[in-house]
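Undergrad: First, the structure itself, so that you have it in front of you.
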Amino acid sequence: MPGLAPAKAAELDFASLVRRHQAMVYSIAWHILRDRAVAEELAQDVFLSLHQHLADLESPEHVQFWLRRVASNRALDVARRRQRRPMLSLESVPEPAAMSQAGDPLLGAALRKLVAALPPKPRAIVVLRYQEDLDPAEIARVLDIPVGTVKSQLQRALALLRGKLARSMGEIRI
Amino acid sequence: MNLEDELRSALRRRDPPPDFTARVLKSVAPRSARRPVRPWVGWLGALAASLLLAAGDLGYRHYQGERAKAEVLQAIHIAASKLNVAQKKVQMISHRSNS
Amino acid sequence: MKAAGLLIGCLLFAAAAPAQQVKWNVEKLAARASNNVDIELNGSLLRLATGFLSDTDKDEAQAKKLISGLKGIYVKNLEFKQPGEYSEADLKGFRASLRAPDWTRIVGVHSTEEGENVEVYIKNEGKSIAGLAIIATEPKELTLVNIVGNIDLDALSDLGGQLGIPNVTVDKKK
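So this is what it looks like as structure tokens:
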């Protein structure tokens, strides 16, 4: 890449970027949309865009930030369009059957379903927080929303999820 | 049980299908590859290039198709719900005038 | 002919003559909207969507049947934070595109209780329907629908109870 040191050029080699970040991009799309086919195509679309914009990105960290931002916002865009279709609200998602084991795969599946029933923005916030381990300030930058909004929506989403699970599992401590 | 830990576990990253990288690279290849085309196979080269482009575009086309499908369903939902409001009113008027 | 019969009668006829999309300019209103759905599906996008609608899923199969042969579906749905964001003058402008002799208003209903109005127009080409337009207003919501082509109103109405659309039933008073 012109103007870049060879090491940087190698780092920003497109194929290696795809391999390094494909799980992140695909998982953001899948956890927000809960549709593997659309998530795959969205992820592919994101990387096509990356290829077009690669020259504008300055560092590996910038690439990662850019990918998270584009993937999240495009997935949110699709989720919002789908939201107008009748979808299960969080309240109507049945509570998971009683489980006692942490790390239980059934609990994991139930949690993913509950997260998928959140409205699009809180859903994206929860995904970025717990899939990507971003703090509220970082989430705010990715989604371009105020930090206060991230914190309050995250709190409300967790309270909702906690409530649903608590009814089947008893007291849950965070 | 800790909800945050469970969420981290439930929402951990997963790999896309094994051929994902290949498909992405294939879809960008026609734009970045420099293929020398010998003059006497010029028309074959053009055909191959257009087939490659078509193959590369398939992934994006699938995304467009899924998106169009979602929009069709949403549009029908909106149109039918408004028609239903009108229909309900008309039926009420009909029943009132018949009773 | 009773108004109900006009609306719910089966209107499938032979393929219509080429019809035009109604051009509604909602830019200024959209700028004031808190939520804006803008769907523009021309003939080729509808054909593309047809290939992705499932034959085995009941909702999608019905939708597939409904859109086959259509030339376009255009929907604008604007939600506002407060009432009064659009005016009667705006509505007059939208209605101006739906004038006789091309267009016929077949239904106009008004609910004083809910403040909800719905006007349904059809475009005739001989004995065929070449288009459908709906203008639906609520205090904080404006919806404009234009379907270009031979739309089966019966089938569209039949979607009541599916796609999450509430079934229209009227209690017969005894």
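Chains as they are written, first to last, in this note's numbering: chain A, 1 to 174; chain B, 1001 to 1099; chain C, 2001 to 2174.
By construction, the Cβ of each residue, glycine as well, lies at the ideal position given by its N, Cα and C atoms.
Fair warning: this is a prediction, and the values are worked out from it, not measured in the lab.
Show which residues of chain B have a CB atom less than 9 Å away from the CB atom of A:His53.
TA: Within 9 Å Cβ-Cβ: nothing; A:His53 doesn't reach chain B, min ~12 Å.
Undergrad: What is the DSSP secondary structure of C:Ser2072, reduced to helix, strand or coil?
TA: Before going on, a small fix: residue 2072 of chain C reads as Gly here, not Ser. The answer is strand: DSSP assigns C:Gly2072 an E or B state.
Undergrad: At what residue ranges does the segment 104 to 153 of chain A contain a whole run of the alpha helix (DSSP H), taking only runs of 4 or more?
TA: Fully enclosed alpha helix (DSSP H) runs of 4 or longer: 105 to 116, 120 to 130, 136 to 143.
Undergrad: Return the chain-ordered list of same chain residues with a C-beta closer than 6 Å to the C-beta of A:Ala97, the five sequence neighbours on each side being excluded.
TA: Any reading at A:Ala97 needs caution, since the residue's pLDDT is 48, under 50, leaving its predicted position unreliable; the model's value is listed next. Closer than 6 Å at Cβ, skipping near neighbours: no residue.
Undergrad: Considering only the alpha carbon of each residue, which of A:His21, A:Arg34, A:Asp56 lies closest to A:Ala117?
TA: The candidate whose alpha carbon is nearest that of A:Ala117 is A:Arg34.
Undergrad: Mind checking C:Thr2050: buried by the 16 CB within 10 Å criterion, or exposed?
TA: Classification of C:Thr2050: buried, given that the 10 Å Cβ count is 16 or more.
Undergrad: With C:Glu2116 and B:Val1085 assumed to form a contact (beta carbons below 8 Å), what rounded beta-carbon distance in angstroms separates them?
TA: Rounded, the Cβ-Cβ distance is 6 Å, consistent with contact.
Undergrad: Under three-state DSSP, which class holds A:Arg156?
TA: Here A:Arg156 sits in helix by DSSP.
Undergrad: Return the first residue and the last residue of the beta strand (DSSP E) that C:Arg2047 is part of.
TA: Run containing C:Arg2047: none in the beta strand (DSSP E); it sits in the alpha helix (DSSP H), 2043 to 2052.
Undergrad: Buried or exposed for A:Ala37, going by 16 or more other Cβ atoms inside 10 Å?
TA: Exposed, by the Cβ-count rule.
Undergrad: Run through chain B and tell me which residues come within less than 8 Å of C:Leu2048, C-beta to C-beta.
TA: Within chain B, the residues near C:Leu2048 are Arg1061, Gln1064, Gly1065, Ala1068.
Undergrad: Could you say which of A:Leu106, A:Asp133, A:Ala29, A:Trp66 lies nearest to B:Arg1008 if we only look at CA atoms?
TA: Cα-wise, what sits closest to B:Arg1008 is A:Asp133.
Undergrad: What is the C-beta distance between A:Arg74 and A:Val46, in whole angstroms, given that I count them as a contact (C-beta under 8 Å)?
TA: About 6 Å; that satisfies the 8 Å criterion.
Undergrad: Can you pull the chain B residues whose beta carbon is under 7 Å from the beta carbon of C:Ala2133, in chain order?
TA: Here the premise fails: no neighbours, minimum Cβ distance about 10 Å.
Undergrad: Identify every run of the alpha helix (DSSP H) within the segment 2056 to 2106 of chain C, keeping only runs that are complete inside it and at least 4 residues long; order them along the chain.
TA: With a minimum length of 4 residues, the continuous alpha helix (DSSP H) runs that stay inside the segment 2056 to 2106 of chain C are 2058 to 2067, 2088 to 2096.
Undergrad: Grouping DSSP H, G and I as helix and E and B as strand, with all else coil, what is A:Val18?
TA: If DSSP states are grouped into helix, strand and coil, A:Val18 belongs with the helices.
Undergrad: Please determine whether the Cβ atom of A:Trp66 lies at a distance below 7 Å from any heavy atom of the ligand GDP.
TA: Of ligands this structure carries none, so the ligand GDP is not represented either.
Undergrad: Using a cut-off of 7 Å between C-beta atoms, extract the partners of B:Lys1082 located in chain C.
TA: Neighbours of B:Lys1082 on chain C, chain order: Val2118, Ile2134, Ala2136, Thr2143, Val2145.
Undergrad: Does the beta-carbon distance from A:Ser59 to A:Leu143 come in below 8 Å?
TA: The answer is no: Cβ separation not under 8 Å.
Undergrad: Please go through the same chain and pick out, in chain order, the residues whose beta-carbon is closer than 7 Å to the beta-carbon of A:Ala15, but skip the five residues on each side of it.
TA: Counting only Cβ-Cβ distances below 7 Å, and skipping sequence neighbours, we find nothing.
Undergrad: Just curious, the beta strand (DSSP E) that C:Val2118 is in, first and last residue?
TA: That run of the beta strand (DSSP E) goes 2116 to 2125.
Undergrad: Can you list the residues of chain A that B:Asp1019 reaches, using a CB-CB cut of under 7 Å?
TA: Here the premise fails: no neighbours, minimum Cβ distance about 10 Å.
Undergrad: Which partner residues does C:Asn2035 have in the DSSP bridge list?
TA: C:Asn2035 is bridged to C:Glu2079.
Undergrad: Tell me, which residues are paired with C:Asn2143 by DSSP?
TA: Here residue 2143 of chain C turns out to be Thr, not Asn, going by the sequence shown. Per DSSP, C:Asn2077, C:Ala2136.
Undergrad: What residue from A:Leu76, A:Arg69, A:Ile32, A:Asp56 has the CA that sits closest to A:His21's CA?
TA: That would be A:Arg69, whose Cα lies nearest to the Cα of A:His21.
Undergrad: Whose CA, out of C:Leu2066, C:Pro2139, C:Tyr2086, lies closest to the CA of C:His2110?
TA: Per the Cα distances, C:Pro2139.
Undergrad: Against chain A, with Cβ distances strictly below 8 Å, would B:Val1037 count as a contact?
TA: With a pLDDT of 40 at B:Val1037, under the threshold of 50, the modelled position of this residue cannot be trusted; read the value that follows with caution. It does not; no Cβ of chain A falls within 8 Å.
Undergrad: Please tell me whether A:Ile32 has its Cβ less than 8 Å away from any Cβ of chain E.
TA: Absent from the structure: chain E. Protein chains present are A, B and C.
Undergrad: Whole angstroms is fine: what's the gap from C:Gly2072's alpha carbon to A:Lys164's?
TA: Near 43 Å, if we compare the C-alpha coordinates of A:Lys164 and C:Gly2072.
Undergrad: So does the segment 2022 to 2035 of chain C actually touch the segment 2129 to 2148 of chain C, counting three or more Cβ pairs closer than 8 Å?
TA: Cβ pair count under 8 Å is three or more, so yes.
Undergrad: Identify every residue that forms a DSSP beta bridge with C:Gly2129.
TA: Checking the displayed sequence, the identity of residue 2129 of chain C turns out to be Ile instead of Gly. Note: C:Ile2129 sits in a beta bridge opposite C:Asn2124.
Undergrad: How about B:Ala1010: is its C-beta nearer than 8 Å to some C-beta of chain A?
TA: Closer than 8 Å to some Cβ of chain A, the Cβ of B:Ala1010 qualifies, so yes.
Undergrad: Within this structure, are the beta carbons of C:Asp2099 and C:Glu2119 separated by less than 8 Å?
TA: At residue 2099 of chain C the sequence reads Arg, which differs from the Asp that was named. Contact: no.
Undergrad: Per DSSP, what are the beta-bridge partners of C:Leu2108 in this structure?
TA: It is worth fixing the name first, because residue 2108 of chain C is Gly in this sequence and not Leu. DSSP, once it has assigned bridges, lists C:Glu2119 as partnering C:Gly2108.
Undergrad: Measure how close the beta-carbons of B:Glu1071 and C:Leu2041 come, nearest whole angstrom, since I'm counting them as under 8 Å.
TA: Confirmed, about 6 Å.
Undergrad: DSSP state of C:Val2026, grouped into three classes?
TA: Note: C:Val2026 maps to coil in three-state DSSP.
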